[in-house]
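Enquirer: Let me give you the structure first, and then I'll get to my questions.
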Amino acid sequence: MGVEIKIENLTKSFGKQMIWGDVSLTVPAGEISVMLGPSGTGKSVLLKTIIGLLKPDSGAVIIEGTDLASCREKELYEIRKLFGVLFQDGAMFGSMNLYDNVAFPLREHTRKSESEVREVVMEKMDLVGLLGAEDKLPGEISGGMRKRAGLARALVLDPEIVLFDEPDSGLDPVRTAFLNQLIIDLNAQIDATFLIVTHDINTARTVPDNIGLLYHRHLAMFGPREMLLSSEEPVVRQFLNAQRVGPIGMSEEKDADELAAESGQELPPLPPIPPQLEPSNGIPRRSQREPGAWCRENGVKPPPGSFEDDMTMATGA
Ligand SMILES: Nc1ncnc2c1ncn2[C@@H]1O[C@H](COP(=O)(O)OP(=O)(O)O)[C@@H](O)[C@H]1O
Ligand SMILES: [Mg+2]
12 MGVEIKIENL TKSFGKQMIW GDVSLTVPAG EISVMLGPSG TGKSVLLKTI IGLLKPDSGA
72 VIIEGTDLAS CREKELYEIR KLFGVLFQDG AMFGSMNLYD NVAFPLREHT RKSESEVREV
132 VMEKMDLVGL LGAEDKLPGE ISGGMRKRAG LARALVLDPE IVLFDEPDSG LDPVRTAFLN
192 QLIIDLNAQI DATFLIVTHD INTARTVPDN IGLLYHRHLA MFGPREMLLS SEEPVVRQFL
252 NAQRVGPIGM SEEKDADELA AESGQELPPL PPIPPQLEPS NGIPRRSQRE PGAWCRENGV
312 KPPPGSFEDD MTMATGA
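With the numbering used here as the guide, the letters of the sequence shown map in order to residues 12 to 328.
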């Protein structure tokens, strides 16, 4: 089923440095959501705040009626069992083989016998396509395989929420495509809430049901994929289309002179909204929506060429 994550007016600083402020959004249960943002905008800090590893200055993270920002340690410990987390580098123990790495949470948090542990470990290894690699050490395998192993470990306690921190970082485009397909297939199969942090635009454009964008110490926008991919809001438009023209500069936001120099420059048209990745077995995910549904329901004309065959339907032509 998956559970919803409700984030209310969340603000986080380290000393005098505010990372982001007044962040509010609801990550819908069972859906795939992507949080985008330039490097250093506090995406990892947001994930750590969501699982209660970091305390916000103010605001709430509500999961099943409990506010993780203010609850007691004991409650936090219980709620954490709902989460599986894939850390940025897979966060494997280097001296343990993949089997023991994946078995670790089961041995730590359950009273399962070794034969029960084996059953779960092999099931999850199979799920991520790593059967046969159990005896390998993390240092002996590729980055893509390490991510898969990290994912298997994130899944062993049957989480209701899976958080991914840049699953695509350091992977080549082909490995990223395979991993993205795996994410879609997993969501279809385990039906948990997925929140993926990335700065990969292609992942954001094709994988999720919802997209958010962190920029300049606040949440610029969060909503259905089609809403952001048809948005003319300058920051959203610039980031999702990897354009130089717009408010985002080389280091932070552009200054007044830089923006003035750009004014009057013609923006390239928005590219078509690509189809969303579908499960490889062809059976739709529970949260999957018809291509163009959001645009139709909200009277938004998608960029020309969107949804391919569905074009005539979407434009009513
Ligand atoms: N534990 C911490 N103590 C102090 N500053 C931190 C800590 N964790 C992260 N930061 C700072 O918060 C900012 C955002 O970091 P991060 O969330 O890692 O960015 P992103 O994941 O979007 O690239 C950075 O400036 C980083 O230096
Ligand atoms: Mg990060």
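Idealized CB from N, CA, C, for every residue including glycine.
In terms of residue numbering, what span does the alpha helix (DSSP H) encompassing K59 cover?
Expert: K54 to I61 is the extent of the alpha helix (DSSP H) around K59.
Enquirer: Can you check the stretch 33 to 103 for any alpha helix (DSSP H) of at least 4 residues that lies completely inside it and give the ranges in chain order?
Expert: The qualifying runs are 54 to 61 and 84 to 91.
Enquirer: Residue range of the alpha helix (DSSP H) that A199 falls in?
Expert: That run of the alpha helix (DSSP H) goes P184 to I201.
Enquirer: In chain order, what residues of the same chain lie with their CB nearer than 6 angstroms to the CB of P219, ignoring the 5 residues before and after it?
Expert: Within the same chain, P219 has close Cβ partners I43, S44, V45 and R236.
Enquirer: Buried or exposed, going by whether 16 or more other CB atoms sit within 10 Å of the CB of P258?
Expert: The residue in question, P258, is buried, as its Cβ has 16 or more Cβ neighbours within 10 Å.
Enquirer: For E299, does the count of other Cβ atoms within 10 angstroms reach 16, so buried, or fall short, so exposed?
Expert: The amino acid occupying residue 299 in the given sequence is Gln; Glu does not appear at that position. Under this definition Q299 is a buried residue.
Enquirer: State the DSSP-derived secondary structure class of E19, mapped to helix, strand or coil.
Expert: E19 falls in the strand class under three-state DSSP.
Enquirer: Is it buried or exposed, Y110, if we count other Cβ atoms within 10 angstroms and call 16 or more buried?
Expert: Buried, since its Cβ has 16 or more Cβ neighbours within 10 Å.
Enquirer: Starting from the C-beta of V96, find all residues in its chain whose C-beta is less than 6 angstroms away, skip the five residues before and the five after it, and write them out in chain order.
Expert: Around V96: A165 and L174.
Enquirer: Under 8 angstroms, with one C-beta from each stretch per pair, do the stretch 224 to 242 and the stretch 22 to 33 reach the 3-pair mark?
Expert: Flag = yes, the stretch 224 to 242 and the stretch 22 to 33 touch.
Enquirer: Just to confirm my understanding: we take R157, look at its own chain, exclude 5 residues before and 5 after, and list those with CB closer than 8 angstroms. What are they?
Expert: Excluding sequence neighbours, R157 sits near D100, G101, M103 and P149.
Enquirer: Less than 7 angstroms between the CB of V45 and some heavy atom of ligand 1, yes or no?
Expert: It does not: the Cβ of V45 is nowhere closer than 7 angstroms to a heavy atom of ligand 1.
Enquirer: Please enumerate, following chain order, all residues with a beta carbon closer than 6 angstroms to at least one heavy atom belonging to ligand 1.
Expert: Here the list is F25, I30, G48, S50, G51, T52, G53, K54, S55 and V56.
Enquirer: Which of helix, strand or coil does DSSP assign to T326?
Expert: In this predicted model, T326 has a pLDDT of only 49, less than 50, meaning its place in the structure is not dependable; the value taken from the coordinates is given anyway. DSSP places T326 in helix when its eight states are reduced to three.
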